[in-house]
Amino acid sequence: MRLGWATWFLVLVLAFTGVQPGAARAAAKEELVIGVSQFPTAFHPNLESHVTQGYVLAMTSRAFTGYDADWELVCMLCTELPTLENGKAVIEKLEDGTDGIALTYTIVEGATWGDGTPVTTEDVLFTDEVGKHPKSGVSNAELYRQILSIDVIDQKTFTLHIDRVSFEYNAINDFEILPAHIERPIFEEDPENYRHRTAYETDFTNPGLHFGPYKAVEVSSGAHIVLEPNETWWGKPPFFKRIVIKAIENTAALEANLLSGSIDMIAGEAGITLDQALAFEKRHGDQYQIVYKPGLIYEHLDLNLDNPILADKRVRKALIQGIDREAVSQQLFEGHQPVAHGNVHPLDWVYDKDVPKYSENLDAAAALLDAAGWTDMQGGVRHNEAGTPLALELMTTAGNRTRELVQQVLQSQWKRIGVDITIRNEPARVFFGETTAKRKFTGLAMFAWISSPENVPRSTLHSEEIPSAENGWAGQNYTGYRNPHMDQLLEDIERELDREKREQMWHELQTIYAEDLPAIPLYFRADAHIWPKWLKGVVPTGHLNSSANAVETWYAEDVPN
Amino acid sequence: MIRYFAHRTAEAGLLLLVMSFVIYLLLGLMPGDPIDIMASGDPDITSADIARLKALYGLDRPITERYAHWLADAAGGDFGFSRLHSRPVLEVLAPRLWNTTVLMGLSFILALVIAIPLGVIAAVHPRTWVDYGINLFAFAGFSLPSFWLALLLILLFSVTLGWLPAGGVQSVGRDDFFDWALHLIMPVTALTLLTAGRIIRFTRSAMIEALRQDYVRTAEAKGLGPFGVVVGHALQNAMIPVVTILALDFGTLFSGALVIEQIFSYQGMGKLIYDSILGSDFNVALVGLLFATALTLASNLAADLIYGWLDPRISYG
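Residue numbers (our numbering), protein chains in the order written: chain A, 1 to 561; chain P, 1 to 317.
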């Protein structure tokens, strides 16, 4: 009887408050609620870079240039990419006699901030000023250091004078324009505290900060962001009248929210892991569209080449042939995370399909270990003449289920060729903050590198990038890899403008990488996008310029677009 | 009494000062500073940028110097900026504190209202089916994993029945009382169940002990009814050990509902402190942990004062 009263009471409360099961679904065609696993730490586009921040900003603004879903560099805020062929890129001699380049861009005619102020070259000059100021707090200032000066041609056209010529000379993807009419007074009053006082952090719902298809109308820190169409957007009008981006950090709760209708979709860029998505697909796959997009996250094993065992190339080759990466990809990821045969993704145009590939070959692995002197098998573990066991430590981030699973498979597979693997894992902040950054791992370290299309791996392969106490642990060449030929190649690729010659150089780079094996490639990680059946037009990219960069093309199928 | 209060307050102040240094030191000694974490998510950031940012954020200075600087600012009411929220620390803490106060306060009061009578009933009828039933409820309460209970509630009330929102503090675009109350039902229920179990067990054992005392037999011999004996005599004395446990629990409640807050996406202090430690948001973590420490000290002081009320023989001389 009491239960009956309680139930009636609840029903009355629900009826009174207007909350009914399925209410969220009824409104779904007008509104799209996106679940993400993390709330952006900051909104200022140049102070910090973060996946969910990039996802939100892609809806409210656009970088000058970026990569599209086909991994091609395109103009997003400019009208045409400056090239040597169209005459908008001109190589010029600098005062020191080296080559620089002048690049002329024109801002899209209709580009207007949400408060009606046009986006102009004044904003370009201000953005450069902030980027160059040593105390503004801009995180990645490399592009601004390269810009020697800016010539303003008119309200919409300007020329950048860059201090070097590289193959990606016209990519200014990090140049995220700031509204001078709002930000300049704040910046000029106190540049050192600009990062705390910027309107992006204190007043993100100010329409004057947004010129993309949407503008932010509500921000609840840590919980959600509400976006509505921006009247000043120059492009195709967006379909949804409202987009809500909800942060739900626990991935099980993220799934439960999807099933309950509290959210419509889970963003692949910042959602659930692949193994969770596979499990979700088995249970609820018929109710949702689930798309797996392999991307530029390269999962691999860094080998510490200062370890005498791993310094021997034959041992490294034996290790890669001692494991069945194809089986790992099929068994653990159902083939959605393809085996990596190097550090370049097969979808990248510089990928060389003829690059030497390794597959499981236990006989070849055994022969290589024998040749390297690891001949004496004792208790299932190889030893050398000096009696040293072939024992290595394999480390990764503790608590990452997928990596820990892969780790166990690799350990058992290497056991077959007499390699004794000890697993030692650490929390991510210790692993990345100390162990890899200061090269404290003694054997193998499993983690991933995030890159962009045609990303020159200078920071991970050039010998000048080996972290040490002397250089303040700068650089990301954690393996300690040194190869003068590779160093030269990395420098040459950056300067080579001829696409065909560069393709040849990339072929050479991938061949050396496969031959030297400073790292064991595992697989390219895939993003798992979960969408409602009615949502159309979303195209996952697999790189840092997220699918939200084309948010204006998203629509609900059963409503005429 | 006033002297005792002043003495304890001064002690607490000194302890907080020491704790602020210890927490600052521990946070500072953790591997990876905020800039390292920022750099790990940005493949294009250069070594020169990392060095520039570390200097800008003062991370290139010795930790003692940074602490002295923070302490001087804090004395003037400036607790610094949150790295993860890009706002002043107090601005970040205030709404979270309110959310936590509501969540914890409601579940704490509800747990007391449910647990103390149940504990007393179980103690008055030991080894009967009533006692066994209450014990089963209590054990279930504190042995259920909090994440499991929370997910079960979401699956039942949000996914299957669709009655309650699956998480958050308020629906987007609504700021009315009923919407807010609906969002509280599941997290409060989960926390109440988890907290009540412990209190039932403590109340039951304290009451069983109290009911064996001579003064209870004397009260019964004097002809006092069962209700008068239990509530008027035994309960008051049995509450002394329970108050000690509650005082300790109260402090940790503000930082301890992490799992519940995480699963229900509830914007509270536990989640804030956890996120700030993981994200190297030192200023928020420090002030949040200090607040939890201050609350534990304050609730223990309150417990000491309540002892005197419960047992007049206790003096504060």
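Ideal Cβ placement from N, Cα and C applies to all residues, glycine included.
Since residue i meets chain P, which of its residues come closer than 7 Å, beta carbon to beta carbon?
{"i": "Gly-268 of chain A", "result": "Residues of chain P passing the Cβ test: none, with the nearest at roughly 17 Å."}
{"i": "Ala-548 of chain A", "result": "Residues of chain P passing the Cβ test: none, with the nearest at roughly 17 Å."}
{"i": "Gly-110 of chain A", "result": "In chain order: nothing, as chain P lies at least about 30 Å away."}
{"i": "Asn-250 of chain A", "result": "Gln-262 and Ile-263"}
{"i": "Glu-201 of chain A", "result": "Ser-86 and Arg-87"}
{"i": "Ser-139 of chain A", "result": "Met-38, Asp-42, Ile-45, Asp-49 and Leu-53"}
Which residue's Cα is closest to the Cα of residue i: the options?
{"i": "Val-219 of chain A", "options": "A:Glu-201, A:Arg-502 and A:Trp-449", "result": "A:Glu-201"}
{"i": "His-224 of chain A", "options": "A:Ser-37, A:Thr-273, A:Ile-272 and A:Gln-476", "result": "A:Ser-37"}
{"i": "Arg-325 of chain A", "options": "A:Glu-496, A:Ile-101 and A:Gln-408", "result": "A:Gln-408"}
{"i": "Phe-81 of chain P", "options": "P:Trp-98, P:Thr-64, P:Gly-58 and P:Met-30", "result": "P:Gly-58"}
{"i": "His-485 of chain A", "options": "A:Gly-475, A:Ala-311, A:Thr-65 and A:Thr-511", "result": "A:Thr-511"}
{"i": "Asp-151 of chain A", "options": "A:Thr-127, A:Thr-104, A:Ala-180 and A:Glu-142", "result": "A:Thr-104"}
{"i": "Leu-490 of chain A", "options": "A:Ser-463, A:Glu-470 and A:Tyr-478", "result": "A:Ser-463"}
{"i": "Ala-150 of chain P", "options": "P:Asp-281, P:Thr-218, P:Pro-165 and P:Ile-245", "result": "P:Pro-165"}
{"i": "Trp-374 of chain A", "options": "A:Gly-342, A:Asn-343, A:Leu-392 and A:Gly-418", "result": "A:Gly-418"}
{"i": "Asn-46 of chain A", "options": "A:Glu-85, A:Cys-78 and A:Leu-143", "result": "A:Leu-143"}
{"i": "Ser-47 of chain P", "options": "A:Ala-550, A:Ser-452, A:Ala-437 and A:Pro-540", "result": "A:Ala-437"}
{"i": "Ala-89 of chain A", "options": "A:Thr-251, A:Ser-166, A:Trp-554 and A:Asp-558", "result": "A:Ser-166"}
{"i": "Asn-343 of chain A", "options": "A:Glu-189, A:Glu-385, A:Glu-31 and A:Thr-460", "result": "A:Thr-460"}
{"i": "Ala-247 of chain A", "options": "P:Asp-249, P:Glu-261, P:Asp-78 and P:Gln-213", "result": "P:Glu-261"}
{"i": "Tyr-292 of chain A", "options": "A:Gly-335, A:Tyr-481 and A:Ser-49", "result": "A:Gly-335"}
{"i": "Asp-154 of chain A", "options": "A:Phe-187, A:Pro-185, A:Val-108 and A:Ala-199", "result": "A:Val-108"}
How should residue i be labelled, buried or exposed, when 16 other C-beta atoms within 10 angstroms of its C-beta is the threshold for buried?
{"i": "Val-564 of chain A", "result": "Chain A is shown only over 1 to 561; residue 564 of chain A falls outside these bounds and no answer can be derived."}
{"i": "Asp-36 of chain P", "result": "buried"}
{"i": "Val-18 of chain P", "result": "exposed"}
{"i": "Lys-501 of chain A", "result": "exposed"}
{"i": "Asp-123 of chain A", "result": "buried"}
{"i": "Leu-531 of chain A", "result": "Here residue 531 of chain A is Trp; the residue named in the question, Leu, does not match the sequence. Buried."}
{"i": "Arg-52 of chain P", "result": "buried"}
{"i": "Ser-149 of chain A", "result": "exposed"}
{"i": "Asn-542 of chain A", "result": "Checking the displayed sequence, the identity of residue 542 of chain A turns out to be Gly instead of Asn. Buried, since its Cβ has 16 or more Cβ neighbours within 10 Å."}
{"i": "Glu-95 of chain A", "result": "exposed"}
{"i": "Pro-126 of chain P", "result": "exposed"}
{"i": "Arg-429 of chain A", "result": "buried"}
{"i": "Tyr-215 of chain P", "result": "exposed"}
{"i": "Arg-145 of chain A", "result": "exposed"}
{"i": "Pro-134 of chain A", "result": "exposed"}
{"i": "Ala-75 of chain P", "result": "exposed"}
Can you pull the chain P residues whose beta carbon is under 9 Å from the beta carbon of residue i, in chain order?
{"i": "Thr-120 of chain A", "result": "By Cβ distance, chain P contributes nothing, its closest Cβ being about 27 Å from Thr-120 of chain A, past 9 Å."}
{"i": "Phe-432 of chain A", "result": "Pro-31, Gly-32, Asp-36, Ile-37 and Ser-40"}
What residues of chain A sit near residue i, judged by a beta carbon separation below 9 Å?
{"i": "Met-104 of chain P", "result": "Residues of chain A passing the Cβ test: none, with the nearest at roughly 18 Å."}
{"i": "Gln-213 of chain P", "result": "Within 9 Å Cβ-Cβ: nothing; Gln-213 of chain P doesn't reach chain A, min ~36 Å."}
{"i": "Leu-155 of chain P", "result": "Ala-256, Leu-259 and Ser-260"}
For residue i versus residue j, is the C-beta spacing smaller than 9 Å?
{"i": "Pro-338 of chain A", "j": "Pro-294 of chain A", "result": "yes"}
{"i": "Val-124 of chain P", "j": "Pro-187 of chain P", "result": "no"}
{"i": "Ala-196 of chain P", "j": "Ile-114 of chain P", "result": "yes"}
{"i": "Glu-228 of chain A", "j": "Lys-241 of chain A", "result": "yes"}
{"i": "Leu-193 of chain P", "j": "Ala-234 of chain P", "result": "no"}
{"i": "Val-138 of chain A", "j": "Val-130 of chain A", "result": "yes"}
{"i": "Val-229 of chain P", "j": "Ile-306 of chain P", "result": "no"}
{"i": "Ala-448 of chain A", "j": "Glu-269 of chain A", "result": "no"}
{"i": "Pro-88 of chain P", "j": "His-196 of chain A", "result": "yes"}
Identify the contact partners of residue i in chain P, using a Cβ-Cβ distance below 8 Å as the criterion.
{"i": "Arg-429 of chain A", "result": "Met-30, Pro-31, Gly-32, Ile-37, Leu-278 and Ser-280"}
{"i": "Lys-135 of chain A", "result": "Leu-56"}
{"i": "Thr-41 of chain A", "result": "Arg-83, Leu-84, His-85, Ser-86 and Gly-279"}
{"i": "Val-244 of chain A", "result": "Val-172"}
Using a C-beta to C-beta distance shorter than 7 Å, which residues of chain A count as neighbours of residue i?
{"i": "Ile-314 of chain P", "result": "Chain A residues near Ile-314 of chain P: none, gap ~42 Å exceeds 7 Å."}
{"i": "Val-159 of chain P", "result": "Ala-256, Leu-259 and Ser-260"}
{"i": "Thr-46 of chain P", "result": "Glu-142"}
{"i": "Gly-168 of chain P", "result": "Ala-223"}
Which residues in chain A have a C-beta closer than 8 Å to the C-beta of residue i? List them in chain order.
{"i": "Phe-81 of chain P", "result": "His-196"}
{"i": "His-125 of chain P", "result": "What His-125 of chain P touches in chain A: nothing, since even the nearest Cβ is about 22 Å away."}
{"i": "Ile-50 of chain P", "result": "Ala-474"}
Segment contact flag, the stretch 494–511 of chain A with the stretch 277–287 of chain A, C-beta cutoff 8 Å, min 3 pairs: no
Given 8 Å, three or more beta-carbon pairs between the stretch 142–157 of chain P and the stretch 250–260 of chain A: yes
Three CB pairs or more closer than 8 Å across the stretch 437–457 of chain A and the stretch 387–399 of chain A: yes
Any 3 or more C-beta pairs closer than 8 Å across the stretch 195–211 of chain A and the stretch 96–114 of chain A: yes
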